[in-house]
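Engineer:
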Amino acid sequence: MEVSNMIVPSPGAFFLVLGGYFLLMAVIGYYSATKTDTLKEFFVMGGKAGAIVSGIAYFSTQYSMSTFMGVPAACYQQGYPGLTVSVPGLVFSMIIPALVVGRKLVRLGHKYDLLTMADYLSDRYESQALSSLQAILMVFFVVPMMGAQIIGAGIIFNTFTGYPEWVGVVATGVIVIVYCMSGGIRGAMLTDVVQGLLMVATAVVTFFAALKLGGGMEAINAKLFEMNPAYMAHPGATGSYHWARLVSMVVMWSFFSIGSPQLVTKFFAMKNYKVMFKAVILGTLGMWVSATLIEWVGVLGIVSVPGLEGAQRDFIVPLILQKSVSPVLASLLIAGIMAAGMSTIDSLLIVSTGGISRDIYQKLLNKNAKDGDILKLSRYITVILGVIAILFGIWRPGAIFDIIIFSFGGLTIWATPMLLGIYWKRTTSVGAISGIIVGIMTYIPFSASPTMLDKIGLRALQPLSAMMKGYALGFDALIPTWFVAMAVTILVSLVTKPVSEVTLKRHFG
Amino acid sequence: MGMWDNAFEKKWSVIFLAMYVIVMIPVKYFYATEYIASWKGLPVFMVGWFWHTLVTVILIFVFYFQAMRREDYLEFGTEG
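Taken in sequence, the protein lines are chains A and B.
Per my numbering, the very first residue in the first sequence carries number -16; after that it's consecutive.
Per my numbering, the very first residue in the second sequence carries number 32; after that it's consecutive.
#1: Got a sec? Which residues, its chain only, sit under 6 Å from A:PHE547 by beta carbon, not counting five neighbours each side?
#2: List the whole-angstrom C-beta distance separating A:LEU98 from A:SER114, where the pair is believed to meet the contact cut-off of C-beta under 8 Å.
#3: Do the segment 78 to 85 of chain B and the segment 59 to 70 of chain B touch if we need at least three Cβ pairs shorter than 8 Å?
#4: With contact counted as at least three CB pairs below 8 Å, one residue from each stretch, are the segment 246 to 265 of chain A and the segment 77 to 94 of chain A in contact?
#5: Are the segment 135 to 145 of chain A and the segment 295 to 305 of chain A in contact at 8 Å, needing three or more beta carbon pairs?
#6: Return the first residue and the last residue of the alpha helix (DSSP H) that B:ALA68 is part of.
#7: Just the chain B side, please: which residues come within less than 9 Å of A:THR267 by C-beta, in chain order?
#8: Name the chain A residues whose beta carbon is nearer than 7 Å to that of B:ALA1?
#9: Listing by chain order, which chain A residues have their CB less than 9 Å from the CB of B:MET95?
#10: Hey, would you say A:GLY170 sits closer than 8 Å to A:PHE26, going by beta carbons?
#11: Name the residues in the segment 228 to 252 of chain A whose C-beta lies less than 9 Å from a C-beta of chain B; which are they?
#12: For A:MET253, which three-state DSSP category applies?
#13: Exposed or buried, which one is A:ILE387 when buried takes at least 16 other CB atoms within 10 Å?
#14: Measuring only between beta-carbons, confirm whether B:VAL78 sits less than 8 Å from chain A.
#15: Tell whether a beta-carbon distance below 8 Å holds between A:PHE250 and A:GLY92.
#16: Taking the runs of the beta strand (DSSP E) that are 3 residues or longer, which of them lie wholly in the segment 368 to 446 of chain A?
#17: Does any residue of chain B have a CB that is nearer than 8 Å to the CB of A:TYR363?
#18: Taking C-beta pairs closer than 7 Å, name the residues in chain A that B:PHE39 reaches, listed in chain order.
#19: Any C-beta of chain B sitting closer than 8 Å to the C-beta of A:ILE78?
#20: Is there contact between the segment 37 to 45 of chain A and the segment 363 to 374 of chain A, where contact requires at least three CB pairs shorter than 8 Å?
#21: Can you confirm whether B:TYR66, when its beta carbon is compared against all beta carbons of chain A, has any partner nearer than 8 Å?
#22: Using a Cβ cut-off of 8 Å (strictly closer), state whether B:LYS71 contacts chain A.
#23: Let me make sure I understand the geometry here. Which of A:THR464, A:LEU461 and A:THR486 has the alpha-carbon closest to that of A:THR410?
#24: Using a Cβ-Cβ cutoff of 9 Å, what residues of the segment 88 to 107 of chain A are near chain B? List them in chain order.
#25: Taking its Cβ as the centre, do 16 or more other Cβ atoms sit within 10 Å of A:MET424, making it buried, or is it exposed?
#26: Assuming A:ARG341 is part of the alpha helix (DSSP H), what are its boundary residues?
#27: Output yes or no for whether 8 Å exceeds the beta carbon distance between A:ALA274 and A:SER49.
#28: If you measure between the beta carbons of A:LYS257 and B:MET77, is that distance less than 8 Å?
#29: Is the segment -3 to 12 of chain A touching the segment 313 to 329 of chain A, taking contact as three or more C-beta pairs under 8 Å?
#30: Hey, quick one: how far does the alpha helix (DSSP H) through A:ALA455 stretch, first residue to last?
#31: Any idea what DSSP makes of A:ALA216, helix, strand or coil?
#32: Within this structure, are the beta carbons of A:ILE328 and A:GLN45 separated by less than 8 Å?
#33: So which residues on chain B does A:VAL74 lean against when the C-beta distance must stay under 7 Å?
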């Protein structure tokens, strides 16, 4: 049965609630615009973001549409081992990045006015080429990541209203463009607060609704064991969640975040170390509640809404809400799922804008450009990138989760020059560039699905891709790729010229 | 401020890295290939993950309170 036939559309309530939600986002965008008149305000809120905004924005950026659709669907298919995706490692999502690079970035941001990851890289490695490479590759991977979120919004819109998916894709894209273009990072982070709270509310209400539908925790667990004992033990019902997968998931969502440009920018925006700690605590608690409960819903749903197959599983959360709460409340909480996507798109939109306007245009093409001109240009670039993401969402080259995993890896390979730049004085710009180029060339065939390679015109790499995946030993492609990038960076750095003593003193004290 | 800059940083880096590694060890409390029922029939690894997360959150709080008593963490003020 088609999902649209299982869900009873209530377009009136949905349009009413969604309209109100979009209006609120636009109002926040307008408010933020009145406070955003400099480049530093546009990109890092003047380096004065408080704990609540930083903490909630961090976790709502980290968790995307797939947290509320794809991952509960995987849990529905696998049973409890499906929660391996994020539950065992989520407590480290913020403390590990804060511990490894966060404190240093807060300090460097305040002392030397750094706004983006590219700023850090060009300063540390005395290399404009490296920061330009980062900006170009970032845009290459950010667009699919934004597109994946927009695809999810389109699917939800179509299911709940009956209107074509592209209408939802365009509506969601336009509203994000409006508040990012007008309010910059302030617009993105303030809307993230509302979106983050909505995400937590969606997770909590859906969890208790699913428990009630299934007859309580004990009854559900007994029934699950009776249905299939594999639901209750690793590696799960289809054998996907083996130990190497657990390790990959724990490491991916915590350690590799240090290479994620949109999350690194959050450290530059923090006011001081106290704010950083409070943000870590608040963000961690938010992730713990929302991710655990919403993924758990997928497992509880096996009993409360049995028999879903294929793409139907993606709708386990909306289906439970529809069965349990009033249409208006269900619409509000489903808006929470769209909020998860929007809160990820907005941060990506701002960092990729910075990549083009500052790191490519101002530093490479027009070094005399004034900050005021760059601010104006940034607003145009935000619109252009947003439109490209909308078009990508309409094109839809692959499954949402596949695109997200692929893009996340492509973005976070920068964990290599970030880590070595902070901890090893001998790392050189040539070493860092070599490591990234070899890393990306390894990662694309290692990670992309055959369909994705076909869609991006790299069908010839399919046999190589299949062979490389066989050597990953069950770990995510990002992990072996990272070891390759580290080895190349270290070896090349040992035979090339290090950066000047002045720069090393600034970075290492 | 790096992970290994002084005794205070080293201590907390070791503590968090140890917690990080522990959750990846394939013991039944974190990774179980057989169903071992725990509270209300939950698989034991769900309970293991819960307690491990709780302990780590408490450690983050302790780290925060200890750090805020140190001068190097007050460099940019404490407002916020």
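Backbone N, C-alpha and C fix where the C-beta goes; we use that ideal spot for every residue, glycine too.
Structural biologist: A quick look at the data gives this:
#1: No answer is possible for residue 547 of chain A: it lies beyond the span of chain A, which begins at -16 and ends at 492.
#2: With 8 Å as the limit, A:LEU98 and A:SER114 do not qualify as a contact, their Cβ atoms being about 12 Å apart.
#3: Because the criterion of three Cβ pairs below 8 Å is met, the segment 78 to 85 of chain B and the segment 59 to 70 of chain B touch.
#4: yes
#5: yes
#6: Looking at the DSSP string, B:ALA68 is not in any alpha helix (DSSP H), and its letter there is neither H nor E.
#7: THR84, THR87, VAL88 and ILE91
#8: As shown, chain B starts at 32 and ends at 111. That puts residue 1 of chain B outside it, with no answer to give.
#9: In the sequence as displayed, the identity of residue 95 of chain B is Tyr instead of Met. Chain A residues near B:TYR95: LYS257, PHE260, LYS261, VAL263 and ILE264.
#10: no
#11: LEU229, VAL230, VAL233, VAL234, SER237 and PHE238
#12: strand
#13: Per the 10 Å Cβ criterion, buried.
#14: Closer than 8 Å to the CB of B:VAL78 there is not a single CB belonging to chain A.
#15: yes
#16: none
#17: no
#18: Close partners of B:PHE39 in chain A (Cβ separation under 7 Å) are lacking, with about 12 Å as the shortest Cβ gap.
#19: yes
#20: The segment 37 to 45 of chain A vs the segment 363 to 374 of chain A: no contact.
#21: yes
#22: Interface residue, yes.
#23: A:THR486
#24: Those would be VAL89, ARG90 and HIS93, in chain order.
#25: exposed
#26: Run containing A:ARG341: none; DSSP gives neither H nor E here.
#27: no
#28: No.
#29: yes
#30: Careful: A:ALA455 lies outside any alpha helix (DSSP H) and carries neither H nor E.
#31: coil
#32: no
#33: THR84, THR87 and VAL88
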